[in-house]
Amino acid sequence: MIDVIGAGLPRTGTTSLKAALERLGFAPCHHMQDIAAHPERAQRWRQTLNGPVDWTGVLRGYRAAVDWPSAHFWRPLAQAYPDAKVILTVRDPHAWYASLRDTVFALLHDPGAAPAEFQPVATGMRPLLDHIWRDAFGTTPADPMPEESHAVEMFRRHTADVTGALPADRVLIYETGQGWEPLCDFLGVPVPDEPYPRLNDRQAALSRLREPR
Numbered sequence: 007m008i009d010v011i012g013a014g015l016p017r018t019g020t021t022s023l024k025a026a027l028e029r030l031g032f033a034p035c036h037h038m039q040d041i042a043a044h045p046e047r048a049q050r051w052r053q054t055l056n057g058p059v060d061w062t063g064v065l066r067g068y069r070a071a072v073d074w075p076s077a078h079f080w081r082p083l084a085q086a087y088p089d090a091k092v093i094l095t096v097r098d099p100h101a102w103y104a105s106l107r108d109t110v111f112a113l114l115h116d117p118g119a120a121p122a123e124f125q126p127v128a129t130g131m132r133p134l135l136d137h138i139w140r141d142a143f144g145t146t147p148a149d150p151m152p153e154e155s156h157a158v159e160m161f162r163r164h165t166a167d168v169t170g171a172l173p174a175d176r177v178l179i180y181e182t183g184q185g186w187e188p189l190c191d192f193l194g195v196p197v198p199d200e201p202y203p204r205l206n207d208r209q210a211a212l213s214r215l216r217e218p219r
């Protein structure tokens with residue numbers, strides 16, 4: 007049963023949110039990293055290209071889901087799990103664009119240059135990732151990166167779509183750096199006595215991309 011749905015786009019702190027949700031008891035939390043760690047689970051997602059989708063089967067064993075591919079399907083997931091809370095992670099859209107361009111797009115545009123652990127995602131998830139990218143930007147990862155103005159407009163439209171489609175008390179707009187308090191208040195859980203996770207920021211992601219193959 008999914009209790010928390012992450013609707014935020016990649017590079018909006020989704021890796022940190024995954025760790026935070028798991029620390030708060032919403033474990034395990036699905037993230038693209040899970041497919042890299044368990045390549046056989048890519049098979050579950052293939053049905054989303056053709057439908058109808060059995061979301062219970064796709065996210066079997068998880069209590070939460072963030073990042074692509076699940077974040078792309080926030081709307082049907084919100085319908086399938088009407089009691090689940092929705093967290094929309096956001097950040098400055100121009101900073102987001104630079105991070106997306108230098109990490110996610112770089113990996114999808116040239117999957118052969120990806121770290122070894124990303125290869126299962128680049129291969130097993132490629133048709134779905136192409137579909138998601140096309141839905142988001144109107145292009146494919148094989149094309150040049152969309153212009154910044156176009157991507158920023160998409161980011162803002164996505165935020166408006168999520169907040170406009172769901173009741174205000176069901177959605178938390180969460181910005182990187184806000185810490186535990188708004189998240190814990192929204193989910194109705196105690197605040198941990200430890201720093202909020204800060205994982206896979208742009209510099210860390212770039213360092214991994216630049217490691218010798």
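Numbering (the working numbering), first residue to last: 7 to 219. Built from N, CA and C at the ideal position, the CB exists for glycine as well. Here the structure is a predicted model, which means the values were calculated and not measured.
### Candidates 110, 91, 49: closest to residue 146 by CA position
Residue 146 has its Cα closest to that of 110, out of 110, 91, 49.
### Message
Between the alpha carbons of residue 205 and residue 186, how many angstroms are there, rounded?
### Response
Looking at the backbone, the Cα of residue 205 and that of residue 186 are separated by about 15 Å.
### Message
Out of 7, 13, 159, which one is the CA nearest neighbour of residue 179?
### Response
Measuring from the Cα of residue 179, the nearest candidate turns out to be 13.
### Query
Using a Cβ-Cβ cut-off of 6 Å (strictly less than) and excluding sequence neighbours within five positions of residue 59, which residues of its own chain qualify?
53, listed in sequence order.
### CB of residue 31 within 9 Å of CB of residue 177, strictly
With respect to the 9 Å criterion, residue 31 and residue 177 are not classified as neighbours on the basis of their beta carbons.
### Task
Tell me residue 12's beta-bridge partners as DSSP assigns them.
93, per the DSSP bridge assignment.
### Query
Does the beta-carbon of residue 62 have 16 or more other beta-carbons within 10 angstroms, so that it is buried, or is it exposed?
Answer is exposed; the Cβ neighbour count stays below 16.
#### Entry: Delimiting residues of the alpha helix (DSSP H) encompassing residue 28
From DSSP, the alpha helix (DSSP H) with residue 28 extends over 20-29.
#### Entry: Cα-Cα separation, residue 105 to residue 113
Distance between the alpha carbons of residue 105 and residue 113: 12 Å.
### Task
Within the same chain, show all residues whose beta-carbon is closer than 7 Å to that of residue 211, passing over the 5 residues directly before and after it, in chain order.
Note on residue 211: pLDDT 46, under 50, position unreliable in the model; no value is reported.
#### Entry: residue 178 - containing beta strand (DSSP E), residue span
Residue 178 -> beta strand (DSSP E) spans 177-181.
#### Entry: Exposed unless 16 or more other CB atoms sit within 10 angstroms - verdict on residue 75
Answer is buried; the Cβ neighbour count reaches 16.
#### Entry: Minimum C-alpha distance to residue 172 - residue among 156, 16, 150, 90
By alpha-carbon distance to residue 172, the top candidate from 156, 16, 150, 90 is 90.
### Query
residue 188 lies in the alpha helix (DSSP H); which residues open and close that run?
Start and end: 186-193.
### Task
Could you tell me whether the Cβ atoms of residue 44 and residue 70 are closer together than 9 Å?
Between residue 44 and residue 70, the C-beta spacing is not below 9 Å.
#### Entry: As assigned by DSSP and simplified to three states, the class of residue 44
Coil at residue 44, not helix or strand.
#### Entry: Neighbour-count burial assignment, residue 218, 16 or more Cβ in a 10 Å radius
Residue placement at residue 218 cannot be trusted, given a pLDDT of 42 that sits under 50; what the coordinates show is reported in the next sentence. Label assigned to residue 218: exposed.
### Query
Cα separation between residue 4 and residue 135?
With the chain represented from 7 up to 219, any question about residue 4 goes unanswered, as that position is not in the structure.
#### Entry: 9 Å Cβ cutoff met for residue 67 and residue 34
Residue 67 places its beta carbon less than 9 Å from that of residue 34.
### Task
Provide the residue span of the alpha helix (DSSP H) that contains residue 65, from first to last.
For residue 65, no alpha helix (DSSP H) run applies, since DSSP gives it neither H nor E.
### One or two residues paired with residue 229 in a DSSP bridge
Outside the modelled stretch of the chain, which goes from 7 to 219, sits residue 229, for which no answer is possible.
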